[in-house]
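Asker: Structure in structure tokens, see below.
Chains as they are written, first to last, in my numbering: chain Y, 165 to 260; chain V, 3 to 523.
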């Protein structure tokens, strides 16, 4: 399955990756090869197999609604590149 | 009042009347409005959806309710909140939904600073609740079903504050359980949208799953609005829909739909085409404005959340949750009308808030259900008591009834004092005012203020003589045939007796006196 350069650019944009023109070319080929490989699996007849998003025999793993202590604000912000008055400070985002 | 029967009571299930041409809401004389609604409702759990940080974020210092899970730290493991799952199933049951046997959480991928994981955990292909309906009342007395397409569970995002040149992020709200309810495009007018939202909020409050406070963001509504001609409807076609956000009240939703329908109809009238865009509501100028959106179309790449095993909802679990459903507003209203003979108008307003209904029912239990009694109580509650709540409470919120010092049993005592002719109805209003403020028993107030009704004929006669003597001019006019002055004299007599006279007796004595005066004069 041949990916287009535009598809790779779109995926890179969604993943917030800045790619050079060279890398885009490179990944277009590599990703296409990976998809080709995956395509072999499509040949298997799975019409009798129900969709299986989970392989573990687990359902209803639920916690009771009892609050537990949160992290101290300083710890929560410890890895933040920038902060202000207890907030994470980030580049301007326009109003939704 | 069995909970099981109330959710699907016959009274709820009144036949839906198809809207007659006369009642169809048309814009520019020919465009029908088609609205589907998305409602987000924060669930009233104590902890967050996928971690056990406190969900009580209002007023908390920024980033004081976070942990590795809601901060999106690598390796953190989200675990779903049982209470949130059960609240959603409970809501689904009240909305007449089918509860999915298997429900799966999914990742909705997008980058925004209020969502540190880079995705929101939501439900996509397999939501918890499907195919329900809510009945709304139509002005012509009929009712109409607004179908519910789905109700699912997800997590709220953090809050961003935009400052000059940068933004501040508070993640206390990130991960608070959020239920999304999506209707089919069954809403055909701004008023129907208003009625639907009012009904939904009432239900959510009855269930105790959501506060319904739109101004605090606990409930958010996004209508999808389009218009079409009857010909398009016949061909099964829809117009291009526009989603409107930033609506902070039901009134805004109603106004936004009316405005947007008009705007779209005008575009079509002029031969143009409606663009599929997101609009925001400008409350100040009462209009919709185009919202800036990213160029790249939405591409959320949903996939099943690998960290959370699926939900399997089997019948015993559903039955256990069904058993916790309270009697719902429509069933209550029908019961008030049928069993207690209440008029529709009072039955409706008393059931609009569960706390009001609870107050009323406790008062009825204390006062009695003999013919006319529940209606008399209803009149006092929806009349004088609501007036006092509005005048002395904070805002027009009837839920405040649960917080006043006066108990329902005391209101019943007050009405009994009127029935037993200990005080007259006007005095009772004064007593009620003090009861609402202080929570004192009515009997104690009557004694303390000496408000007992004056039924002593001699005392009343003396007051009448005094009034007539003090107003010779009015008396002369009365004698000359101006009989409407009876009201004036009555008022003076009541005033002379500090409003405490038995009004029936006073009126009777006054009439007799005036008649004899007239014949003697």
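Quick reminder that beta carbons are idealized off the backbone N, C-alpha and C, glycines included.
Computed from a predicted model, the values in this text were never measured in an experiment.
Does the beta carbon of residue 209 of chain Y sit closer than 8 Å to a beta carbon anywhere in chain V?
Answerer: No, its Cβ sits nowhere closer than 8 Å to a Cβ of chain V.
Asker: Please list, in chain order, the residues of the region 217 to 229 of chain Y that have any C-beta partner in chain V closer than 8 Å.
Answerer: Answer set for the region 217 to 229 of chain Y: 217, 218, 220, 222, 223, 224, 225, 226, 227, 228, 229.
Asker: My guess is that residue 524 of chain V and residue 136 of chain V are in contact by the Cβ rule of under 8 Å, so how many angstroms apart are they, rounded?
Answerer: The structure shown has nothing for residue 524 of chain V, since chain V only spans 3 to 523.
Asker: Considering just the uninterrupted stretch of the beta strand (DSSP E) at residue 181 of chain V, what are its terminal residues?
Answerer: Residue 181 of chain V -> beta strand (DSSP E) spans 179 to 185.
Asker: With a cut-off of 8 Å, do at least 3 Cβ pairs link the region 316 to 327 of chain V to the region 140 to 151 of chain V?
Answerer: Output reads no: the region 140 to 151 of chain V does not touch the region 316 to 327 of chain V.
Asker: Are residue 502 of chain V and residue 434 of chain V close, meaning C-beta to C-beta below 8 Å?
Answerer: No.
Asker: So residue 229 of chain Y and residue 85 of chain V are supposed to be a Cβ contact under 8 Å. How far apart are they, rounded?
Answerer: Confirmed, Cβ separation roughly 4 Å.
Asker: Do we get a CB-CB distance below 8 Å when we pair residue 184 of chain V with the residues of chain Y?
Answerer: Cβ-Cβ to chain Y under 8 Å: no for residue 184 of chain V.
Asker: Per the contact definition of three or more C-beta pairs closer than 8 Å, is the region 336 to 351 of chain V in contact with the region 185 to 195 of chain V?
Answerer: Touching, no.
Asker: Can you list, in chain order, the residues of its chain with a C-beta nearer than 8 Å to that of residue 240 of chain V? Leave out the 5 residues immediately preceding and following it.
Answerer: These residues qualify, in order along the chain: 36, 187, 228, 230, 234.
Asker: Between residue 261 of chain V and the rest of its own chain, which residues show a CB-CB distance below 8 Å, the 5 nearest in sequence each way excluded?
Answerer: Within the same chain, residue 261 of chain V has close Cβ partners 288, 289, 290.
Asker: How should residue 464 of chain V be labelled, buried or exposed, when 16 other C-beta atoms within 10 angstroms of its C-beta is the threshold for buried?
Answerer: Exposed is the call here.
Asker: Taking the CB atoms as reference points, tell me whether residue 71 of chain V and residue 251 of chain Y lie closer together than 8 Å.
Answerer: No, the Cβ-Cβ distance between residue 71 of chain V and residue 251 of chain Y is not below 8 Å.
Asker: Run down chain Y in chain order and give the residues with a C-beta less than 7 Å from the C-beta of residue 167 of chain V.
Answerer: Ordered by position in chain Y, the residues that pass the 7 Å Cβ test against residue 167 of chain V are 256.
Asker: When you compare the region 124 to 144 of chain V with the region 193 to 203 of chain Y, are there three or more beta-carbon pairs, one atom per stretch, that lie closer than 8 Å?
Answerer: Output reads no: the region 193 to 203 of chain Y does not touch the region 124 to 144 of chain V.
Asker: Taking all protein chains shown into account, do 16 or more other C-beta atoms lie within 10 angstroms of the C-beta of residue 218 of chain V, making it buried, or fewer, making it exposed?
Answerer: By the 10 Å Cβ count, residue 218 of chain V comes out exposed.
Asker: Since residue 172 of chain V meets chain Y, which of its residues come closer than 7 Å, beta carbon to beta carbon?
Answerer: Near residue 172 of chain V (Cβ distances below 7 Å), the residues of chain Y are 251.
Asker: So, is the C-beta of residue 165 of chain Y closer than 8 Å to a C-beta in chain V?
Answerer: Cβ-Cβ to chain V under 8 Å: no for residue 165 of chain Y.
Asker: Which complete alpha helix (DSSP H) runs does the region 165 to 202 of chain Y hold, if anything under 4 residues is left out?
Answerer: Complete alpha helix (DSSP H) runs here, min 4: 169 to 178.
Asker: How would you call residue 50 of chain V, buried or exposed, if buried means at least 16 neighbouring beta carbons within 10 angstroms?
Answerer: Counting Cβ neighbours within 10 Å, residue 50 of chain V comes out buried, since at least 16 surround it.
Asker: Is residue 311 of chain V closer than 8 Å to residue 262 of chain Y when the C-beta atoms are compared?
Answerer: With chain Y running from 165 to 260 in the structure shown, residue 262 of chain Y is simply not present.
Asker: Counting only beta-carbon atoms, is residue 259 of chain Y nearer than 8 Å to chain V?
Answerer: Bear in mind that the predicted position of residue 259 of chain Y carries a pLDDT of just 49, short of 50, making it unreliable; the figure below should be weighed with that in mind. Chain V, which has a Cβ nearer than 8 Å to the Cβ of residue 259 of chain Y, makes this yes.
Asker: Are the CB atoms of residue 246 of chain V and residue 258 of chain V nearer to each other than 8 Å?
Answerer: Their beta carbons are under 8 Å apart, which means residue 246 of chain V touches residue 258 of chain V by this criterion.
Asker: Measuring only between beta-carbons, confirm whether residue 162 of chain V sits less than 8 Å from chain Y.
Answerer: Closer than 8 Å to some Cβ of chain Y, the Cβ of residue 162 of chain V qualifies, so yes.
Asker: Just how far apart, CA to CA, sit residue 191 of chain Y and residue 255 of chain Y?
Answerer: Distance between the alpha carbons of residue 191 of chain Y and residue 255 of chain Y is about 29 Å.
Asker: Using a beta-carbon distance cut-off of less than 7 Å, what residues from the region 178 to 204 of chain Y approach chain V?
Answerer: Cβ contacts with chain V: 178, 180.
Asker: Hey, residue 156 of chain V and residue 128 of chain V are a contact pair by Cβ (cut 8 Å); roughly how many whole angstroms apart?
Answerer: Not a contact, Cβ separation roughly 13 Å.
Asker: Hey, is residue 54 of chain V's beta-carbon within less than 8 Å of any beta-carbon in chain Y?
Answerer: Yes, because at least one Cβ of chain Y sits closer than 8 Å to the Cβ of residue 54 of chain V.
Asker: Just to confirm my understanding: we take residue 100 of chain V, look at its own chain, exclude 5 residues before and 5 after, and list those with CB closer than 6 Å. What are they?
Answerer: So the list reads 132, 133, once near-sequence residues are dropped.
Asker: I'd like the list of long-range same chain contacts for residue 254 of chain V, defined as Cβ closer than 7 Å, with 5 residues on each side in sequence excluded.
Answerer: The residues are 283, 285.
Asker: Run down chain Y in chain order and give the residues with a C-beta less than 7 Å from the C-beta of residue 69 of chain V.
Answerer: Per Cβ cutoff of 7 Å: 234, 235.
Asker: For a cutoff of 8 Å on Cβ pairs, would you count residue 248 of chain Y as touching chain V?
Answerer: Chain V, which has a Cβ nearer than 8 Å to the Cβ of residue 248 of chain Y, makes this yes.
Asker: Assuming residue 525 of chain V is part of the alpha helix (DSSP H), what are its boundary residues?
Answerer: Outside the shown range of chain V, which is 3 to 523, sits residue 525 of chain V, and nothing can be said about it.
Asker: When Cβ atoms are compared, which residues of the region 112 to 124 of chain V fall closer than 9 Å to chain Y?
Answerer: Cβ contacts with chain Y come from 112, 113, 114, 115, 116, 118, 120.
Asker: Going along chain Y, which residues have a C-beta under 7 Å from residue 49 of chain V?
Answerer: Residues of chain Y passing the Cβ test: 229, 230, 231.
Asker: May I have the straight-line CA-CA distance separating residue 115 of chain V from residue 303 of chain V, to the nearest angstrom?
Answerer: Their backbone Cα atoms lie some 18 Å apart in a straight line.
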